[in-house]
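J.: Sharing a structure, written as structure tokens. Questions coming.
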Amino acid sequence: MIFDLQWVQNNAGYLARLVGEHAVLAILPVIAAFLVAVPLGYLIFRTGRAAGAVLTVCGVVYAIPFLALFVAVPLLFGVDLLSPITVGIALTIYSVALLVATVVDGLRSVPTEVRQSATAAGYSPLGRLIRIELPLAMPKIFAGLRAVTVSNIALVSVAAVIGGGALGELFDEGLASRLYTPAIVGLALTILLAVLADVLIRIIQRGSLPWARKQQPA
Amino acid sequence: MNLFGYLQDPSTWYGPGQTLELLVQHLGYTAAAVGIAAVIGIPLGLLLGHTRRASWLVAALRNGTRALPALGLLVLVALALGSGFGAIWVVLTVVAFLVILAATATGVLDADREAVHSARALGLTEPQIATQVEWPLALPMVIAGLRNATVQVIAMVTVAAFVGGGGLGRLLVDGRASGNDAQMFAGVFLIAIVAIVAYLLLSLLVWRVARQARPGRTTVPSYAAAA
């Protein structure tokens, strides 16, 4: 039998726990990375000089396969390989690399005239950033947040290669017991979670940026 | 403990299933998948972009390909077809194909519309417009797609060791199983080097091509940027 519905019913509680764990492991790094990436992205944007170099470094970091980064974290930070913190740190590094590029890109998309008008109207640099530049950059930043959340949800499972990995555990189980059901359920729940997160962030975006509803990037 | 111990020991490099063979396997898997995916994906992407059909699909693929749980796909295919080279290669090729297809179509869709309209007004046929106007303008995006596919496939080959495939991921899985930290570190080190070198070389190519396609405007599509 390819799909065993009974197995799903018997393990409903376990599956719900895995989904919750998966969501937390994927989303906390996004929040942490957002708090780091906004000031860092603004600094890079303002100073200009280092932008090319920093963005290249971000690209290089993002190019490192997740599994390699994940295994490197205990060696660099001295945390236990099987601890959820390891996955968290690895995903945060990844998320920062992706979000910094997006924040810089978003801030660059603010027209110079708008920036100059804000200065002429008496905004301090910080006030201008918070009241004018960030809101205008947010559509791009939201696109980045969606991309990084969805990518994190896919990556958490990879930790199962070493042990753990929330919904990734189901892949481990499927492989060990040679059963399709856990693997199919794991795959379906991972994709479902990603779609759900994407929709949720779109809703938050619509709610928080009412003026940008008509020009949402695809 | 000396983390470089495993890499410095020549006896771990040569022989069946040893580091050098795993490295060659890793590169071989990647080349085989990206190569075939490019041969199919680039012409199809050009066609999709030129006819401006299914642009919703292209937009969905641009972000959606990063959402694919590589491990889950590999496990399912390994259960169905076994963990031989063929089964893993199919998964890698399909993912690379989708990335390259979406990038090529995006490049064509984003090609300067005025240039395309001018070419049509001058009497160029549709195949001529596609190959002589849209293709050169899309080329930086096409190469960026090849780069992104390569990077993603290198990462997926790493994971393939989990389902019994070869490649450098073996060092991580085997090192983990035998508690050999130096062997795991050797894996981390070599995988990172392979990915970074591939990324930088292909990025350089993207940059050179972009400079030729649009002299004076060298914005290079970054991998770490939301599409």
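Just so you know, the protein sequences line up as chains A and B, in that order. One point on numbering: in this note's numbering, the residue at position 172 of the first sequence is 172, and numbering is uninterrupted. One point on numbering: in this note's numbering, the residue at position 2 of the second sequence is 220, and numbering is uninterrupted. By construction, the Cβ of each residue, glycine as well, lies at the ideal position given by its N, Cα and C atoms.
Since I141(A) is in the alpha helix (DSSP H), which residue starts that stretch and which ends it?
T.: As a first step, residue 141(A) must be located in the first sequence, where it is residue number 141. Run containing I141(A): 134 to 156, per the alpha helix (DSSP H) assignment.
J.: Which residue from I318(B), N366(B), G385(B), Q350(B) puts its Cα closest to that of A188(B)?
T.: Beyond the ends of chain B as shown, which are 219 and 445, falls residue 188(B); an answer cannot be given.
J.: How about P287(B): is its C-beta nearer than 8 angstroms to some C-beta of chain A?
T.: Within the second sequence, residue 287(B) is the residue found at index 69, counting from 1. At least one chain A Cβ lies under 8 angstroms of P287(B).
J.: Nearest-angstrom Cα distance between L327(B) and H268(B)?
T.: Locating residue 327(B) in the second sequence gives position 109, where the first residue counts as 1. Locating residue 268(B) in the second sequence gives position 50, where the first residue counts as 1. Using only the alpha carbons, I get a separation of about 7 angstroms.
J.: Can you name the start and end residues of the alpha helix (DSSP H) that G226(A) belongs to?
T.: Here chain A has residues from 1 to 218 only, and residue 226(A) is not among them.
J.: Verify the CB distance criterion: does I306(B) have a CB-CB separation below 8 angstroms to chain A?
T.: For the purposes of this step, residue 306(B) is taken as the residue at position 88 of the second sequence. No, I306(B) does not count as interfacial toward chain A.
J.: Output needed for E21(A): all residues of its chain with C-beta closer than 7 angstroms, excluding positions within five of it in sequence on either side, in chain order.
T.: The residue you call residue 21(A) lines up with position 21 of the first sequence. If we look at E21(A) and ignore the five residues flanking it on each side, its Cβ neighbours are A166.
J.: List, in chain order, every chain B residue whose beta-carbon is nearer than 7 angstroms to that of P65(A).
T.: Position 65 of the first sequence, counted from the first residue, corresponds to residue 65(A). The answer, in chain order, is I372, A373, T376, I409, A413.
J.: Anything in chain A within Cβ reach of F403(B), meaning under 7 angstroms, just list it in chain order.
T.: Start at 1 with the first residue of the second sequence, and residue 403(B) comes out as number 185. Those within 7 angstroms of F403(B) in chain A are L75.
J.: From P287(B) to A23(A), what distance separates their C-alpha atoms?
T.: Along the second sequence, one-based indexing puts residue 287(B) at 69. Along the first sequence, one-based indexing puts residue 23(A) at 23. Near 14 angstroms, if we compare the C-alpha coordinates of A23(A) and P287(B).
J.: Quick check: is the beta carbon of T92(A) nearer than 8 angstroms to any beta carbon in chain B?
T.: Mapped onto the first sequence, residue 92(A) falls at position 92. Not one chain B Cβ lies under 8 angstroms of T92(A).
J.: Compute the Euclidean distance between the alpha carbons of Y94(A) and V406(B), then round it to the nearest angstrom.
T.: Residue 94(A) sits at position 94 when you count from the first residue of the first sequence. Residue 406(B) sits at position 188 when you count from the first residue of the second sequence. The alpha-carbon atoms of Y94(A) and V406(B) are separated by roughly 16 angstroms.
J.: State the CB to CB distance for the pair R128(A) and T119(A), rounded to an integer number of angstroms; the pair is presumed to be in contact (CB under 8 angstroms).
T.: Locating residue 128(A) in the first sequence gives position 128, where the first residue counts as 1. Locating residue 119(A) in the first sequence gives position 119, where the first residue counts as 1. Sure, about 7 angstroms apart at Cβ, within 8 angstroms.
J.: Compute the distance between the beta-carbons of I141(A) and T102(A), then report whether it is under 8 angstroms.
T.: Indexing the first sequence from 1 puts residue 141(A) at position 141. Indexing the first sequence from 1 puts residue 102(A) at position 102. Contact: yes.
J.: Round the Cβ separation of L310(B) and A256(B) to the nearest angstrom and send it over; I've been treating them as touching at under 8 angstroms.
T.: Taking the first residue of the second sequence as 1, we reach residue 310(B) at position 92. Taking the first residue of the second sequence as 1, we reach residue 256(B) at position 38. With 8 angstroms as the limit, L310(B) and A256(B) do not qualify as a contact, their Cβ atoms being about 13 angstroms apart.
J.: So for Q370(B), helix, strand or coil by DSSP?
T.: On the second sequence, residue 370(B) is found 152 positions in, with the first residue counted as 1. Q370(B) falls in the helix class under three-state DSSP.
J.: Would you kindly report the start and end of the unbroken alpha helix (DSSP H) that includes I260(B)?
T.: In the second sequence, counting from the first residue as 1, residue 260(B) sits at position 42. From DSSP, the alpha helix (DSSP H) with I260(B) extends over 237 to 268.
J.: Return the first residue and the last residue of the alpha helix (DSSP H) that W211(A) is part of.
T.: Numbered from 1 along the first sequence, position 211 holds the residue referred to as residue 211(A). Segment: none, W211(A) is in no alpha helix (DSSP H) and carries neither H nor E.
J.: Give me the Cα-Cα distance between Y417(B) and A362(B), rounded to the nearest whole angstrom.
T.: Residue mapping note: residue 417(B) aligns to position 199 of the second sequence, counting from 1. Residue mapping note: residue 362(B) aligns to position 144 of the second sequence, counting from 1. Going from the Cα of Y417(B) to the Cα of A362(B) covers about 10 angstroms.
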